[in-house]
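Participant: The numbers in this note's numbering rise by one with no breaks, and the one at position 53 of the sequence shown is 53. The C-beta atom is built at its ideal place from N, Cα and C for all residues, glycine as well. Note that the structure is a prediction, hence the values are computed from the model and not measured.
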Amino acid sequence: MSTLTTQMTRSFRIVQRFDWRQNIIYVGFVVVFILFAILLGDSGFTSANNLLNIARQTATISIMAVAMTFVIATAEIDLSIGSVAGLSSVVSALAVSSYGLVPGILAGLLVGLVVGAVNGGLVAWLKVPSFLVTLGMLGLIVGVARWITASAPVPIADATFIQIFGGGNVGAIPSLLIWAVVVVAIGAVVMNKTKFGRQVRATGGNTQAAMFTGVNTARIKFYVLLLSGLVAAIAGMLYAGRLQSGRFQWGTGDELSVIAAVILGGTSLFGGRGAIIGSLFGALFIGLVNNGLILAGLEVSQQQVVRGAIIIVAVALSSKKASS
């Protein structure tokens, strides 16, 4: 009896020591996947095609979540990330159609760099709150994208652009997934294994302490917002390549899904912690839920209710992490 009691005590201590808040996304992902596999198995949820579709649908969110992880880890936020993707998609589509492949790619990237530099400069050196800067930038960018296209789609006929940016395959693997894997891998290495990653976390954890140790916190904040703009531009070109057109709507509303993925993945909304792999699983979790709701036959309004609830839970979890 005493042996059984000892084993139960040890098991209870292990459960107590387990960081549930930090790892909830992995537990939640497994639980939701098993639940949907049981309830929606007859609807094809576990089919290879459907699982590949989930990965493909969440690839651009995963890519943007990597950049957002760096931004939020510095205790800042970028609400313009989805709209930058939309503007990049239309600018690259227009440039590819008029000037060719390479100028089109460069034009798309330039959009992200310019927006990221403006956001970063205003936040880092003029000390304007990132929420206000990027909220204003969101509206400005959507307006510009609609203006230069007259709200019409810009078709892309360049086969190479489509092949590179999400519309083709490398062997049997969609190029969109290769982009996601590469970006996530690079982001994880930079965040966890480099001086820059340590400085990002230090900046968000305690800005004053980081400055006393020699970290140029203003420059770090500028760089992460510049990175966010660049990665958003890549995501926009991936939208354009996969859907073979540039539209101002591409990326609209993605900022909420991206932020939710990052917070669900274990990154603190208040800075100091960044979990790239967690952000990937957060994006996959959201894609999993969206797919399951569609297969379950829920209406769009009902799906929006569930997605809104996920965002609220994500913010609540982050608040608990900050207070613990």
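Under 9 Å, do residue 64 and residue 85 count as touching if we go by C-beta distance?
Facilitator: yes
Participant: Could you say which of 41, 155 and 66 lies nearest to residue 97 if we only look at CA atoms?
Facilitator: 155
Participant: Distance, Cα to Cα, residue 137 vs residue 218?
Facilitator: 20 Å
Participant: Taking contact to mean 3 or more Cβ pairs, one atom from each stretch, closer than 8 Å, check whether the stretch 194-212 and the stretch 260-277 are in contact.
Facilitator: yes
Participant: Considering only DSSP beta bridges, list what residue 246 is partnered with.
Facilitator: 154
Participant: Of all the options 297, 295, 281 and 157, which has the alpha carbon lying nearest to the alpha carbon of residue 61?
Facilitator: 281
Participant: Short of 7 Å in beta carbon distance, which residues of its chain neighbour residue 56, apart from the five on each side in sequence? Order them along the chain.
Facilitator: 174, 176 and 177
Participant: Tell me which residue opens and which closes the alpha helix (DSSP H) that residue 208 is part of.
Facilitator: 207-212
Participant: Determine the closest residue to residue 77 out of 222, 237, 89 and 179, with distance taken between C-alpha atoms.
Facilitator: 222
Participant: Please name the residue, chosen from 134, 28, 229 and 170, that lies closest to residue 89 on a Cα-to-Cα basis.
Facilitator: When each option's Cα is compared against that of residue 89, the closest is 229.
Participant: When DSSP labels each residue in this structure, what does residue 129 get in the three-state scheme?
Facilitator: coil
Participant: Note down, in chain order, each residue of its chain lying with its Cβ closer than 8 Å to the Cβ of residue 113, except the 5 sequence neighbours on either side.
Facilitator: 226, 229, 230 and 233
Participant: Less than 9 Å between the beta carbons of residue 286 and residue 66, yes or no?
Facilitator: no
Participant: Nearest CA to the CA of residue 29: which residue from 297, 299, 279 and 303?
Facilitator: Measuring from the Cα of residue 29, the nearest candidate turns out to be 279.
Participant: Looking at C-alpha atoms only, which residue of 120, 297, 258 and 179 is the closest neighbour of residue 308?
Facilitator: 258
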